[in-house]
Amino acid sequence: YVGANQQFVNGLLVFYISGNWQVAQFNETIKDKFEWKAVPNAFIKQWGGMPGGKFLVAFKGKAPPQVVRLMEYLGSADSMTEYASKAMFLPTRKDLLQKGVQYPVRNEDMNTFIKGLANLPKSAFVDNYHLRFGPVANEVRDRITQAITGEITVDKAIELAEAKARELLK
1001 YVGANQQFVN
1011 GLLVFYISGN
1021 WQVAQFNETI
1031 KDKFEWKAVP
1041 NAFIKQWGGM
1051 PGGKFLVAFK
1061 GKAPPQVVRL
1071 MEYLGSADSM
1081 TEYASKAMFL
1091 PTRKDLLQKG
1101 VQYPVRNEDM
1111 NTFIKGLANL
1121 PKSAFVDNYH
1131 LRFGPVANEV
1141 RDRITQAITG
1151 EITVDKAIEL
1161 AEAKARELLK
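Read the sequence shown against our numbering and you will find it ends at 1170, with the numbers running on by one and no gaps.
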């Protein structure tokens, strides 16, 4: 598997399904070659997506009060706003997800992703942290690729992906 970034950047794709982590890269590589923008996920029954995640974790150490202060600082609204905006990442604080973040470039695109998080079903967050998420996602990706390239039918791709997912999740 290889991402289709180059094909998109070179104007060979009219639509590319990806995530917020591509926005900064596409801003730099596409420049003014063509207009592009992030759009909300399309859906029939419910939204889909990968919520991702960032965690602040502290372990036992020799200076607990200082670690607490550092964690409070890193997790504060001001720090997370600055980090998210400069790194072009989505914030993890609920208050920032509700009000959005002002990004230095492609602000509307990044906030499209922030707004989309509110529409994800709770299962998307649970699934994303399941130990078998990666192998199942890879299986689905590979079967979709085979269907797109004509190696197998869409129905066969679904059948194979479902069977392998059941096996992986035992």
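Idealized CB from N, CA, C, for every residue including glycine.
query                                                                                                              : result
Selected residue, minimal CA-CA separation from residue 1046, among 1061, 1054, 1064 and 1119                      : 1119
Straight-line gap, residue 1058 to residue 1131 (C-alpha atoms, nearest Å)                                         : 22 angstroms
Residue 1136 beta carbon less than 7 angstroms from that of residue 1157                                           : no
Minimum C-alpha distance to residue 1128 - residue among 1005, 1054 and 1036                                       : 1054
Straight-line Cα distance separating residue 1038 from residue 1099                                                : 18 angstroms
Candidates 1090, 1064, 1056 and 1088, of which the one nearest residue 1074 by Cα                                  : 1056
Segment limits, alpha helix (DSSP H) that includes residue 1150                                                    : It is not in any alpha helix (DSSP H) - residue 1150 carries neither H nor E in the DSSP assignment.
Any beta strand (DSSP E) of 3 or more consecutive residues that is wholly inside the segment 1063 to 1148          : none
For residue 1082 and residue 1062, the rounded distance between their alpha carbons                                : 29 angstroms
Residue 1143, buried or exposed, once every other Cβ within 10 Å from all chains shown has been counted against 16 : buried
Alpha helix (DSSP H) runs wholly inside the segment 1022 to 1062, at least 4 long, in chain order                  : 1023 to 1030
Helix, strand or coil at residue 1170 [DSSP, three-state]                                                          : coil
Beta-carbon proximity of residue 1006 to residue 1013, cut-off 7 angstroms                                         : no
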